[in-house]
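The structure under discussion appears below in the form of structure tokens.
Protein chains: 2
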Amino acid sequence: MRTVSSTEPKPQRADAVRNRERIVEAARELFAECGQATQMDDVARRAQVGVGTVYRHFPTKSALQGELMAAKFRHHAEVARRWTSEPDGWTAFEGFLRETFAAMATDASLRQRVTWSEDADALALAEPERQALSVVVGEIIERAQDQGRMTPAFTVADMPAFMCAAGAVITAQQASPVVLGDRFLELLIDGLRVCPDGA
Amino acid sequence: MRTVSSTEPKPQRADAVRNRERIVEAARELFAECGQATQMDDVARRAQVGVGTVYRHFPTKSALQGELMAAKFRHHAEVARRWTSEPDGWTAFEGFLRETFAAMATDASLRQRVTWSEDADALALAEPERQALSVVVGEIIERAQDQGRMTPAFTVADMPAFMCAAGAVITAQQASPVVLGDRFLELLIDGLRVCPDGA
DNA sequence: GGGGAAATGGAGAGGGGATTCCGGTTGCGC
DNA sequence: GCGCAACCGGAATCCCCTCTCCATTTCCCC
Numbered sequence: 019m020r021t022v023s024s025t026e027p028k029p030q031r032a033d034a035v036r037n038r039e040r041i042v043e044a045a046r047e048l049f050a051e052c053g054q055a056t057q058m059d060d061v062a063r064r065a066q067v068g069v070g071t072v073y074r075h076f077p078t079k080s081a082l083q084g085e086l087m088a089a090k091f092r093h094h095a096e097v098a099r100r101w102t103s104e105p106d107g108w109t110a111f112e113g114f115l116r117e118t119f120a121a122m123a124t125d126a127s128l129r130q131r132v133t134w135s136e137d138a139d140a141l142a143l144a145e146p147e148r149q150a151l152s153v154v155v156g157e158i159i160e161r162a163q164d165q166g167r168m169t170p171a172f173t174v175a176d177m178p179a180f181m182c183a184a185g186a187v188i189t190a191q192q193a194s195p196v197v198l199g200d201r202f203l204e205l206l207i208d209g210l211r212v213c214p215d216g217a
Numbered sequence: 019m020r021t022v023s024s025t026e027p028k029p030q031r032a033d034a035v036r037n038r039e040r041i042v043e044a045a046r047e048l049f050a051e052c053g054q055a056t057q058m059d060d061v062a063r064r065a066q067v068g069v070g071t072v073y074r075h076f077p078t079k080s081a082l083q084g085e086l087m088a089a090k091f092r093h094h095a096e097v098a099r100r101w102t103s104e105p106d107g108w109t110a111f112e113g114f115l116r117e118t119f120a121a122m123a124t125d126a127s128l129r130q131r132v133t134w135s136e137d138a139d140a141l142a143l144a145e146p147e148r149q150a151l152s153v154v155v156g157e158i159i160e161r162a163q164d165q166g167r168m169t170p171a172f173t174v175a176d177m178p179a180f181m182c183a184a185g186a187v188i189t190a191q192q193a194s195p196v197v198l199g200d201r202f203l204e205l206l207i208d209g210l211r212v213c214p215d216g217a
């Protein structure tokens, strides 16, 4: 009897792997463009694949969206994790935020508000990744607060609102360049910082 | 020949007027609760009216949504107009914002982001009201800037992003009361103010 | 290079929801 | 009180989209 660990990823055929990647990429683009209005047929077409193939990889539209959300959380978590080694908590937090904002400016798919309404099933599927992100960022926040550099009123639970607010501003900037711009983001960041001379 | 001005509102029957109001009110509630997922049948049921009646008053779901958006713009514009008589531009602007935020906290239907994506047709139908709001608020903003009390970088075009950011924060507050809270809104407001001692 | 499991593709079933249609009802001017 | 337009209700229609099914094609191991 061969060793078959229950977590063995059972290797996929080369074409299946390739197609899955194509599908995810196509979906990312389309959801960024059309949001909820994106259709499975469109995804299939852009991925140059049949609808059946899309459904072989993702049993449900929600599953596909869930994967996209999970990917987004993974991405943010990775950025945060990279800043974790910075000893100063506030520097780490600020670095994470700025890097994330920059990424959002570049990639529309990162901008979509994600945590309220939309698709409950998709969100549920991405829950593990959301948790993981929460843990990493939460740790940075607590460190910054312990070091007295961040207002203690802020918690990880505030992050979604924070990100959504930032996303709104960034989206607006894309629409009309003449906009207040980055100053808004600076304001948001400043609001959390605790200066040496008091809050 | 009776005088029939082309803009004459042609009087409606009493029951028609009553039903129309009921429909709008029901729709406002449902869209606040379910957002885009709201169905015409639900609206009809909550208004205690047949679907046909809903369609008699609003030929399209978009038309109904458009009316709701128009109402929202009208509401905001009225608040702004009330502050127009205040001679100090910044005071007027701040008053308008605070009053509007307070209203958003109370009424979920005011909170929904409205200016991007969603339903282009509905937005188009509410365009006149949007314009009107824009004019009133724009005037206040310019006054505040002429008096040197507001950063000149801000324009009416920034308002949607601003409101959307505020909406995100307020929504988050509703979800978990332990949140950073109003300080966020203060930050946003502070960011536009120009203090006597420089920007 | 042959066999069979793994994948593919896309027509169409199925379901949900917006919109229509029209026989019946109601307000209102006379 | 009558008559008739305006209005109402809600079953039925129609369309759009997700998801299924299976004949056919493609990889991969021997």
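Protein chains in written order, with our numbering: chain Z, 19 to 217; chain Y, 19 to 217. Every residue, glycine too, gets a C-beta built ideally from N, C-alpha and C.
Contact check, residue i vs residue j, beta carbons under 7 Å
i: W108 (chain Y); j: R148 (chain Y); result: no
i: V61 (chain Y); j: A44 (chain Y); result: yes
i: G84 (chain Z); j: L143 (chain Z); result: yes
i: A121 (chain Z); j: L115 (chain Z); result: no
i: A184 (chain Z); j: F119 (chain Z); result: yes
i: V187 (chain Z); j: F172 (chain Z); result: no
i: A126 (chain Y); j: M87 (chain Y); result: no
i: M58 (chain Y); j: V69 (chain Y); result: yes
i: R4 (chain Z); j: C52 (chain Z); result: Past the boundaries of the shown model lies residue 4 (chain Z); chain Z is included only from 19 to 217, so the question cannot be answered.
Within-7 Å CB hit, residue i to chain Z
i: G209 (chain Y); result: yes
i: A89 (chain Y); result: no
i: L86 (chain Y); result: no
i: V187 (chain Y); result: yes
i: A183 (chain Y); result: yes
i: A190 (chain Y); result: yes
i: G166 (chain Y); result: no
Rounded straight-line distance, which links the Cα of residue j to that of residue i
i: P105 (chain Y); j: G113 (chain Y); result: 12 Å
i: A123 (chain Z); j: Q30 (chain Y); result: 51 Å
i: A81 (chain Y); j: A138 (chain Y); result: 11 Å
i: T49 (chain Z); j: S103 (chain Y); result: First, the amino acid is wrong: residue 49 (chain Z) is Phe here, not Thr. Using only the alpha carbons, I get a separation of about 45 Å.
i: Q191 (chain Z); j: L205 (chain Z); result: 15 Å
i: T71 (chain Y); j: N37 (chain Y); result: 8 Å
i: I41 (chain Y); j: V154 (chain Y); result: 29 Å
i: Q54 (chain Z); j: M177 (chain Y); result: 25 Å
i: K90 (chain Z); j: E96 (chain Z); result: 10 Å
i: A175 (chain Z); j: F180 (chain Y); result: 21 Å
i: Y73 (chain Z); j: T189 (chain Z); result: 32 Å
i: E157 (chain Z); j: A65 (chain Y); result: 49 Å
i: R63 (chain Y); j: K79 (chain Y); result: 15 Å
i: A32 (chain Y); j: H94 (chain Y); result: 28 Å
i: I159 (chain Z); j: R92 (chain Y); result: 41 Å
i: A220 (chain Y); j: A98 (chain Z); result: The structure shown does not extend to residue 220 (chain Y), since chain Y is modelled only from 19 through 217, so no value can be given for it.
i: T169 (chain Y); j: E145 (chain Y); result: 27 Å
i: R100 (chain Y); j: Q165 (chain Y); result: 20 Å
i: T56 (chain Y); j: G209 (chain Y); result: 37 Å
i: D200 (chain Y); j: R161 (chain Y); result: 26 Å
i: H75 (chain Y); j: E39 (chain Y); result: 10 Å
i: E117 (chain Z); j: P77 (chain Y); result: 47 Å
i: Q163 (chain Y); j: I207 (chain Y); result: 14 Å
i: E136 (chain Y); j: R46 (chain Y); result: 16 Å
i: R211 (chain Y); j: V212 (chain Z); result: 20 Å
Chain Y contact for residue i (CB, 7 Å cutoff)
i: G216 (chain Z); result: The predicted position of G216 (chain Z) is uncertain, since its pLDDT is 45 and thus under 50; a value taken from the coordinates is nonetheless stated next. No, its Cβ sits nowhere closer than 7 Å to a Cβ of chain Y.
i: L205 (chain Z); result: yes
i: A140 (chain Z); result: no
i: A179 (chain Z); result: yes
i: M19 (chain Z); result: Any reading at M19 (chain Z) is ruled out, since the residue's pLDDT is 44, under 50, leaving its predicted position unreliable.
Could you give the uninterrupted runs of the alpha helix (DSSP H) lying entirely in the region 125-209 of chain Z, keeping only those of 4 residues or more? Every alpha helix (DSSP H) stretch that sits fully inside the region 125-209 of chain Z and reaches 4 residues is listed by chain position as 138-143, 145-164, 177-193.
At 4 residues or longer, and completely inside the region 55-130 of chain Y: list those alpha helix (DSSP H) runs for me, N to C. Listed in chain order, the alpha helix (DSSP H) elements of length 4 or more contained wholly in the region 55-130 of chain Y are 58-64, 69-75, 79-101, 107-124.
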